[in-house]
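To start, the structure under review is shown below, and the notes come after it.
Numbering (the working numbering), first residue to last: 668 to 1206.
Written out as structure tokens, the structure is:
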């Protein structure tokens, strides 16, 4: 222990202290004539970050999954940059840059504002460190926070890395990365791809291979287990498969995820479901025998992926990502957990609880049982609640309610949710079509739509009145009224027919018609108003 302390004071890494140099990959520069990357696919903001760092005298490259995507001809959705500048030096070069993270300190360089903003993530080359020689703490990230405060390289009792902020050269940074296809560096100015671990060859052969011993790498950072699944799912359409040695320890290593902070697992789950390959991710989990045990909420998603509503939501999310449209985790999770909310709401109403309190209690129960403390009280939870609470409000289409609904911040998400419900037959498709038209109309047309609904509802309320059989009605009269179900004939329209009827029935029916007003005027208004209502709707 004293030796380790002295080595750190002298700036020695475990490798240099022991006199043994670890086996790093050999640098290979792949020219543009070989790799064929189209420079037009590179984000201008990433190029600007690299250029700024170069002008300040630092090395800088686009790195990771962006290079892999460029090599297969895809336009990357995210760009990361790696450099030999420290986080503090990077931050000083950009007006809007923020140092984040404790386990890995990185810099977010921000371009644009609001929903259109773009973040370029900049990391510093990390030194190769032997985790067996790192400082060890007994607890985890949460329980050992004070102990970890002054450490740059620390692991817990299982070997999981809790701190990794020791800088080094590029060749050491490359061996620290997880998969060969994500360990390449691209300089957009010279258009050279730098490769240390045959990543370029693996891209050409469509192989996902771990750098180093897979079981050891999963133990260092168990989240790599989920990353392996995600890359296998994402790249399966391009023909990529997990190397046998990389896939082999996955199931056995899955128990290591129990020590990973819940918030980090929650984020990794969202990456599985919201990068445009949610259906492929679920199929990959099943294929690898990992459908359960990664994260409780993910277990629910996999279990319900075959249900029409959840299946439609997953496919809709993949479609939107593919079209470059934004997606929100609140929407997808609201779809996944809707069955719990709906059933809990129905049970409470059967127990004579009022509708709105019943819905709110059902929502609280679902958050307690399924979400927990991860995001149950934050913005994600608030958005999910709004989506659910707005569902019964779609039934209210008269008065001022519809006008207030479309002004709600979460109206579009709630409407899309209701539209999916209509697609599977849970609500009337006419309702979804009405709200679609109402949301896109101007104020005058909106008022017309509301007026039409009000008139239809008035007709429906009046119709039962004229079908009531008065006390003392003869069976003959009951049969006559039953001959025209769903209609409300007025005395005036019936008079010619009654005058022309044969037998002794006509006089009897006329006498009853004359007596009806004396029993109350409701029946007459019920017969007359539907006529005027029909006329106004035709005009």
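All C-beta atoms, glycine included, are put in the ideal place defined by N, C-alpha and C.
Host alpha helix (DSSP H) of residue i (start-end)
i, result
"residue 702", "699 to 702"
"residue 892", "890 to 902"
"residue 719", "711 to 722"
"residue 885", "881 to 887"
"residue 929", "929 to 940"
"residue 1103", "1096 to 1107"
"residue 1089", "1078 to 1090"
"residue 658", "In this structure the chain extends from 668 to 1206, so residue 658 is not present and cannot be described."
"residue 1016", "996 to 1017"
"residue 848", "Unbroken run through residue 848: none, as it is neither H nor E."
"residue 739", "Element bounds for residue 739: n/a, residue is neither H nor E."
"residue 1031", "1022 to 1033"
"residue 945", "945 to 954"
"residue 966", "963 to 971"
"residue 919", "917 to 920"
"residue 1056", "1046 to 1056"
"residue 1068", "1068 to 1072"
Beta-carbon contacts of residue i that lie in its chain and below 6 Å, excluding the five residues immediately before and after
i, result
"residue 997", "1047, 1050, 1051"
"residue 1089", "1096, 1099"
"residue 1057", "1081"
"residue 1073", "1106"
"residue 1179", "Caution applies to residue 1179, whose pLDDT of 39 falls short of 50 and renders its modelled position unreliable; the value that the coordinates give is listed next. The answer is none, since no qualifying residue turns up."
"residue 751", "725, 726, 792"
"residue 1084", "1054"
"residue 1026", "1012"
"residue 920", "885, 892"
"residue 1062", "none"
"residue 1134", "Annotation note: pLDDT 46 at residue 1134 (below 50); position unreliable, coordinate value reported separately. Counting only Cβ-Cβ distances below 6 Å, and skipping sequence neighbours, we find nothing."
"residue 1241", "Given that the chain is displayed from residue 668 to residue 1206, the structure contains no residue 1241 and the question cannot be resolved."
Same chain, Cβ closer than 8 Å to residue i, five either side skipped, listed in chain order
i, result
"residue 693", "863"
"residue 951", "896, 899, 900, 903"
"residue 1075", "1053, 1057, 1081"
"residue 717", "727, 728, 729, 748, 854, 855, 856"
"residue 1188", "Confidence is the limiting factor: at residue 1188 the pLDDT is only 38, short of 50, which leaves the residue's position unreliable, though a coordinate-based value still follows. No residues qualify anywhere along the chain."
"residue 1016", "1022, 1025"
"residue 989", "943"
"residue 760", "719, 720, 723, 752"
"residue 947", "900, 901, 903, 904"
"residue 691", "795, 838, 839, 841, 842, 863"
One or two residues paired with residue i in a DSSP bridge
i, result
"residue 980", "In the DSSP output, where bridge partners are listed per residue, residue 980 has none listed."
"residue 859", "854"
"residue 908", "874"
"residue 790", "749"
"residue 1207", "Limits of the chain in this structure are 668 at one end and 1206 at the other, which puts residue 1207 out of reach."
"residue 624", "The structure shown does not extend to residue 624, since the chain spans only 668 to 1206, so no value can be given for it."
"residue 834", "793"
"residue 695", "862"
"residue 785", "778"
Cut-off 7 Å between Cβ atoms - residues of its own chain near residue i, not counting five sequence neighbours on either side
i, result
"residue 932", "924, 962"
"residue 1018", "none"
"residue 909", "875, 895, 899"
"residue 913", "875, 876, 877, 881, 895"
"residue 1121", "1065"
"residue 1108", "1116"
"residue 1028", "1015"
"residue 847", "864, 865, 866, 869, 876, 878"
"residue 836", "792"
"residue 1091", "975, 976, 979"
"residue 1159", "Model confidence at residue 1159 stands at a pLDDT of 32, short of 50, so the residue's coordinates are unreliable; what they give is reported in the following sentence. Nothing listed; no residue qualifies."
"residue 1004", "1033, 1037"
Element boundaries [beta strand (DSSP E), containing residue i]
i, result
"residue 747", "747 to 750"
"residue 765", "764 to 767"
"residue 773", "773 to 778"
The ligand MG heavy atom lying under 7 Å from the CB of residue i
i, result
"residue 696", "Among the components modelled here there is no ligand, and therefore nothing to report on the ligand MG."
Cutoff 8 Å: residue i Cβ touching any chain B Cβ
i, result
"residue 882", "Looking at the structure shown, chain B is missing, and only one protein chain is on hand."
_Can you confirm whether the region 706 to 722 touches the region 871 to 879 when touching is taken to mean that 3 or more C-beta pairs between the two stretches lie within less than 8 Å?_
As far as the Cβ criterion goes, the region 871 to 879 does not touch the region 706 to 722, which means the pair count is below three.
*Contact between the region 916 to 927 and the region 967 to 985: three or more CB pairs below 8 Å?*
no
*Evaluate the contact criterion for the region 1020 to 1031 versus the region 947 to 961: three or more CB pairs, one atom per stretch, below 8 Å.*
Between the region 1020 to 1031 and the region 947 to 961, the count of Cβ pairs shorter than 8 Å is below three; the stretches do not touch.
*Would you check if the region 738 to 755 and the region 884 to 893 touch, i.e. whether three or more CB-CB distances between them fall below 8 Å?*
no
*Assess, as a yes-or-no matter, whether the region 976 to 989 is touched by the region 1027 to 1034 under the definition of 3 or more beta carbon pairs within less than 8 Å.*
no
*Report yes or no: do three or more beta-carbon pairs, one from the region 732 to 741 and one from the region 762 to 777, lie closer than 8 Å?*
no
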